[in-house]
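> The structure follows.
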Amino acid sequence: MIGGLFIYNHKGEVLISRVYRDDIGRNAVDAFRVNVIHARQQVRSPVTNIARTSFFHVKRSNIWLAAVTKQNVNAAMVFEFLYKMCDVMTAYFGKISEENIKNNFVLIYELLDEILDFGYPQNSETGALKTFITQTGIKSQSKEEQSQITSQVTGQIGWRREGIKYRRNELFLDVLESVNLLMSPQGQVLSAHVSGRVVMKSYLSGMPECKFGMNDKIVIDKQGKGGASEEAAAGKSGGGGGKQSIAIDDCTFHQCVRLSKFDAERSISFIPPDGECELMRYRTTKDIILPFRVIPLVREVGRTKLEVKVVIKSNFKPSLLAQKIEVRIPTPLNTSGVQVICMKGKAKYKASENAIVWKIKRMAGMKESQISAEIELLPTNDKKKWARPPISMNFEVPFAPSGLKVRYLKVFEPKLNYSDHDVIKWVRYIGRSGIYETRC
Amino acid sequence: MEWANQLCENRQFGSKMTDSKYFTTTKKGEIFELKAELNSDKKEKKKEAVKKVIASMTVGKDVSALFPDVVNCMQTDNLELKKLVYLYLMNYAKSQPDMAIMAVNTFVKDCEDANPLIRALAVRTMGCIRVDKITEYLCEPLRKCLKDEDPYVRKTAAVCVAKLHDINAQLVEDQGFLDTLKDLISDSNPMVVANAVAALSEIAESHPNSNLLDLNPQSINKLLTALNECTEWGQIFILDCLANYTPRDDRESQSICERVTPRLSHANSAVVLSAVKVLMKFMEMLPKDLDYYSTLLKKLAPPLVTLLSAEPELQYVALRNINLIVQKRPEILKHEMKVFFVKYNDPIYVKLEKLDIMIRLASQANIAQVLAELKEYATEVDVDFVRKAVRAIGRCAIKVEQSAERCVSTLLDLIQTKVNYVVQEAIVVIKDIFRKYPNKYESVIATLCENLDSLDEPEARAAMIWIVGEYAERIDNADELLESFLEGFHDESTQVQLQLLTAIVKLFLKKPTETQELVQQVLSLATQDSDNPDLRDRGYIYWRLLSTDPVAAKEVVLAEKPLISEETDLIEPTLLEELICHIGTLASVYHKPPSAFVEGSRGVMHKRLPARTGSGESTESPDVGTAAGGSAPEAAPSIIPSQGDLLGDLLNLDMAPPTTSGPPPPTTGMQMGGMDLLGGGLDSLLGGDIGGSPAMGAGFGAAPAVMPASLNAPVGGGLGDLFDLGGVGMPMGAYIPPKIVWLPAMKAKGLEISGTFARRAGVIQMELILTNKAMSVMTDFAIQFNRNSFGLAPAGPLQVLTPLGPNQTIEVSLPLSTVGPVMKMDPLNNLQVAVKNNIDVFYFSCQYPISMLFVEDGKMERQVFLATWKDIPNDNESQFQIKDCHLNSDAASSKLQGSNIFTIAKRTVEGQDMLYMSIKLSNGIWVLAELRVQAGNSNYTISLKCRAPEVSQCVFQCYEAVLKN
């Protein structure tokens, strides 16, 4: 198991060091600093073995978190734990920075004591932790409160406490998708996939039993025509067109979702944590709506000049608006000057980033825009040809490129007197660009 | 969320520049100040002081001097302060054990506290204080906490047992904590179960043989129930524990799989990977024709692909594991090539791993796409990545024949870029392509030669030299090219030197007239001016070959080379199996068994995949069978340090990917004889001991080369006449030594071999007991002997017809002949044996009693005996004492006769019996003996005379063994 956990600043100074196992000594702290943080070369692996000691590290801004062990630990678990550790810290004191860590080092030690025992990760749900690690002392707890805390920390529903009350029961569902594309210069889709998340923010009283439904092809096909009318109604509101159901390649769920039930019936039922949680992640590869198409044209005019023309086409309903559009056209390292003309938005050559950045605030569906640029090059004797990195794109669209639709989210709380109809529900779809690249 | 954020902000605001200041104190006399503050009356001041102490501790300052003062702060009702003091204690208690005792009372008291959080805190901290004296006091509180009414305390106590075990294992056993821990597996609270499982698994690791976890269907059922209810971490503990279980049959295995598959949808990647591990392992037991088996295969792909959308560090772990899974079961991900395409912004470690998997998944169906990608990668920035991409193109050519032409032209395009490292890498892979498809792409040689000057890496230089040597007849100026390399011969690396030597010899054999000078030059450089033994040895071999028999030299040096294999860098199958059992762990990331990087006893136990149970085995569909690779023995590439490799080494194919070497080819006696001659010849040539000469001999033996008779002359010396003349005889009660263990299971991946030799009815037999101490079934046994002094060789195959299941034992007797190849061994009766099964090839050596070579017609005529005795020079006589033998001469004589030692005459002189005996060995050597037995004296004296005096020692040992049994 994890033998120790260290947090360093960018200089390699230790901010937090907690050792759980006897086989990890102080020298391990230095070994990591010397061999990884101060290493001349770029990091070649997130797992480093130094003198039979293994170091797992992740970096958050300029803070290094390193878990150390001498055993054959579950490597995936260690990384998951490190990410979790970051989440917990963020939930407690905001951004992970040197300043914040130093200011909260006592809290961090207390957290580390609780969520990692002898190197074994323990319950690390912030909801539960915040009930008893508060940094204000827990002097005035009644016996009931104490046992409530412990039963929550160890309980089957460790992510939610009893006795939550809201005057207004409300829930927000965000379907957040990032659409990834790799396209060849000729417009052939080399790979495309959507990775999506359903984020739920709930403010519900008691221990509500929830059921979530979406236009999952397997469920729809199973229900047959019974569900068709409902589906037709839901299908119209989106931007992607009338796709009835979508094929989900794979999905994973927050630990509150009963996985065995999903496996058997493909129904998603759970008692949500209070506040925000990422209910589900999913991935689709079939019938993706690609919101933009990038058509590049690069021409080398002699050895000292490049002509670039890029056309972008929006491919969704004209009534919808895409926002925050940015096209990034890489330029060679030996660029000396650039002239740009674009039809829409603003374009600038950024020498420090070796790219022309073209920004458009808004763009409706089924439109087209174009940029052309002349790039002057300095003559070099470098034999190596320019690698021509792909043209990348950023945007945000108000629909789900996968075609996913939320069909329902039903709430049952048998013990309290509110019904599914009393809950105010909000659903929002946001599609963003992931790695959206076109080779040129 | 809102309230929490606000709270945080407030707190930050309030404490701004308060806590971080502790990190900046660098004053002198700090310790004294702290001491004063710690003893302050004001609580707030005390707390601040402890915080400062902890901050100093964090940055590595030694604040152990404050121990008593800090411990004084322990008795407080301020939980925050208490936790800080505990933290300090955990760090320094070991350096101040006596002082630490001061804290014990508080701990014990806290363990009784009304607040479960404090009880748990106390027991948790106490377990971290590694001081013997404290552990004694820990036992009672721990016992109570293990049975506490509050699950939070119980789950903490469960881990504490593991802590205590780490400090004092004996104490834990004596106090019966292990049983209490086992009871916790049935606890009503899932988190208690999970921690108990984690603790037990860890303790079990250091006691590999204690059946501590005692996994049985009932306890497995409990674990599977807890699996649905506990935290993500608990699920990992339980899944990792489940993976150690071996189901009794395929049904049980299927039902466990069914209950584990829902975990594949968990958001935590570690849960997913551990579930994959359980499934990959238990799948082994399912019959392949089962519908469920293919359903399961299909279910595995999506979660594995999803892992690639995790954070980069986890992607890396996932990719390293996928690399193993693809080797074990290629069918799972064969349609998922695209997800492994490299993204421009992937971290380099993810890129390199993806590339590896792309090559493994490349097939005829997707090769066009793969090649397009690889070409794209070859223009990237990172040098390592580009090199790997170029190499990958070569590997695609070798793997998918249809694509070879396109690959070669892609490589040529890349060479045109003139980017130094790209060119070098391309030349290295083109060499491999030439090996794989001889006489197909040689037209590109001209282009390659243009880049000769830019090559500065040994591997690329060596590859280029190999190409020039191999195709010397087609390259007009081959001699000039090679000569240009020769100028800086001594500055080259060994790899290049060896290659250059071989290439020039090849050139000479192809164009002898123009290149005589060159070859002489290189031979003298290699043999006279070099200190490198490998280089000198190779030089001498060529020199000798060329000077004695150029025809033979041609056959050796220009022999047809074995084709190189399609798959390279495959992990050796047994290791792969073990790594599959370690999916998700560090071992799977390093691709090394835990024993390679874990110290001590932990994790040294080798894990094994379970064997498929009987049903459905025979109906295994062929396509799945071959696709599944690893599990099917015939598909498993063997990793024997086989003759092929040695040959490769000698002919300088060593830089090529490993050759596909099947089981060692059945070599006939003739060939083996031939190689012995060469081996011996070299020995005498170089005046004795050259390192590794048998290996070289073996290497030549694999080549279809027949050694010229002229080499025969200097060989063998005294052993020249040892060739067998055969022998017939009658059955007798010959002496059979007891069976001893020749090959312990530890050294042979679970196969234990014990045995002995016997001569029954004139037939020499090797009697073996094979025991399977591994977890998987062993099949495909075969045996082979190394050359030995008396030409012993198996007269038939090893008759193990049924697969050998775990814990099964089989007795086999193997008839031996004495017509095998001969080489003098030391000791003379040493026999080196190789046994192969589906898992590996194992080597051991044993010594046989020479008495089994005594033939039945070994009774010499009296006259002949006398004449021979006189004829053998006295130098050849040796005398031995046999002590403590209480047989009289007649009894001795008849006993010896049972082992074909014949008494020819008996004489009694002054109460001393003199027995004259003769022995004939299977190879026709006669041994004459005179045994003196004195009444009343239990010590016998024996004189042995033989033309080959080397055997005397062994014969004497036989006497002793026979007489004393």
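Chains as they are written, first to last, in our numbering: chain A, 94 to 533; chain B, 600 to 1564. Ideal Cβ positions, reconstructed from N, Cα and C, are used throughout, including at glycine.
(1) To test your reading of the DSSP string, which unbroken alpha helix (DSSP H) runs of 4 or more residues are found completely within the region 1099-1158 of chain B?
(2) So does the region 1130-1143 of chain B actually touch the region 1090-1108 of chain B, counting three or more Cβ pairs closer than 8 Å?
(3) By DSSP, does Ala1071(B) sit in helix, in strand, or in coil?
(4) I need the boundaries of the alpha helix (DSSP H) containing Trp832(B), first residue and last residue.
(5) When you compare the region 378-385 of chain A with the region 404-412 of chain A, are there three or more beta-carbon pairs, one atom per stretch, that lie closer than 8 Å?
(6) If you drop the 5 nearest sequence neighbours on each side, which residues of the same chain put their C-beta closer than 6 Å to that of Pro1336(B)?
(7) Given that Gly251(A) touches chain B, what residues does it touch there, using C-beta distances under 9 Å?
(8) Could you please tell me which residues of the region 927-955 of chain B, in chain order, have their CB closer than 8 Å to any CB of chain A?
(9) With three or more beta-carbon pairs closer than 8 Å as the criterion, would you say the region 1468-1482 of chain B touches the region 1402-1411 of chain B?
(10) Which first and last residues belong to the beta strand (DSSP E) in which Gln279(A) is found?
(11) Quick one: what does DSSP say Lys1482(B) is sitting in, helix, strand or coil?
(12) Please confirm whether Cys344(A) has its beta-carbon closer than 9 Å to some beta-carbon of chain B.
(13) I'd like to know if Lys821(B) contacts chain A, where contact means its C-beta is closer than 9 Å to some C-beta of that chain.
(14) Flag this pair as yes or no: are the beta carbons of Leu903(B) and Ile921(B) separated by less than 9 Å?
(15) Residues of chain B with CB closer than 8 Å to the CB of Arg119(A), please, in chain order.
(16) Let's see if you can read the secondary structure: which residues bound the beta strand (DSSP E) around Ile1032(B)?
(17) If you measure between the beta carbons of Ser1008(B) and Ala967(B), is that distance less than 9 Å?
(18) What span of residues does the beta strand (DSSP E) with His131(A) cover, start to end?
(19) I need the DSSP call for Val112(A), collapsed to helix, strand or coil.
(20) Over what stretch of residues does the alpha helix (DSSP H) that includes Ala803(B) continue unbroken?
(21) Any beta-carbon of chain A closer than 9 Å to the one on Val916(B)?
(22) Quick check on Phe706(B) - is its C-beta less than 9 Å from some C-beta in chain A?
(23) Compile a chain-ordered list of the residues in the region 951-981 of chain B whose CB is closer than 9 Å to at least one CB of chain A.
(24) Run through DSSP, which three-state label would Ala825(B) get?
(25) Does the contact criterion of 3 or more C-beta pairs under 8 Å hold for the region 681-690 of chain B versus the region 633-653 of chain B?
(26) Excluding five sequence neighbours on each side, which residues of the same chain lie with their C-beta closer than 6 Å to the C-beta of Asn1050(B)?
(27) Does the beta carbon of Thr428(A) sit closer than 9 Å to a beta carbon anywhere in chain B?
(28) From Pro210(A) to Val758(B), what distance separates their C-alpha atoms?
(29) Per DSSP, Ser407(A) is paired with what?
(30) Can you tell me whether Gln348(A) is buried or exposed? The criterion is at least 16 other CB atoms within 10 Å of its CB, across all chains shown.
(31) Could you pull out every unbroken alpha helix (DSSP H) segment of at least 4 residues lying fully inside the region 1472-1542 of chain B, listed in chain order?
(32) Run down chain A in chain order and give the residues with a C-beta less than 8 Å from the C-beta of Asp618(B).
(33) Pairing CB atoms from the region 114-134 of chain A with CB atoms from the region 825-833 of chain B, are three or more of them under 8 Å?
(34) Let me check understanding here. Comparing Cα to Cα, which of Ala1045(B), Asn690(B) and Leu960(B) lies closest to Glu930(B)?
(35) Does any CB atom of chain B fall closer than 9 Å to the CB of Ser154(A)?
(36) Can you pull the chain A residues whose beta carbon is under 8 Å from the beta carbon of Gly560(B), in chain order?
In brief:
(1) 1115-1126, 1132-1147 and 1149-1156
(2) yes
(3) helix
(4) Glu831 to Leu841
(5) yes
(6) Thr1355 and Pro1448
(7) Met790, Cys829 and Thr830
(8) Lys937, Val938, Phe940, Lys942, Tyr943, Asn944, Pro946, Ile947 and Tyr948
(9) no
(10) Segment: none, Gln279(A) is in no beta strand (DSSP E) and carries neither H nor E.
(11) coil
(12) yes
(13) no
(14) yes
(15) Gly659
(16) Segment Asn1019 to Lys1035 is the alpha helix (DSSP H) holding Ile1032(B); no beta strand (DSSP E) there.
(17) no
(18) Premise fails: His131(A) is in no beta strand (DSSP E) and is neither H nor E.
(19) strand
(20) Pro789 to Ser805
(21) yes
(22) no
(23) Leu951, Gln968, Ala971, Glu972, Glu975, Thr978, Glu979, Val980 and Asp981
(24) helix
(25) yes
(26) Val1022
(27) no
(28) Checking the sequence, you will find Asp at residue 210(A) rather than Pro. Cα-Cα distance, rounded: 7 Å.
(29) Phe385(A)
(30) buried
(31) 1488-1497
(32) Lys195, Asn196, Asn197, Phe198 and Val199
(33) no
(34) Leu960(B)
(35) no
(36) Examination of residue 560(B) is not possible in this model, given that chain B is present from 600 through 1564 alone.
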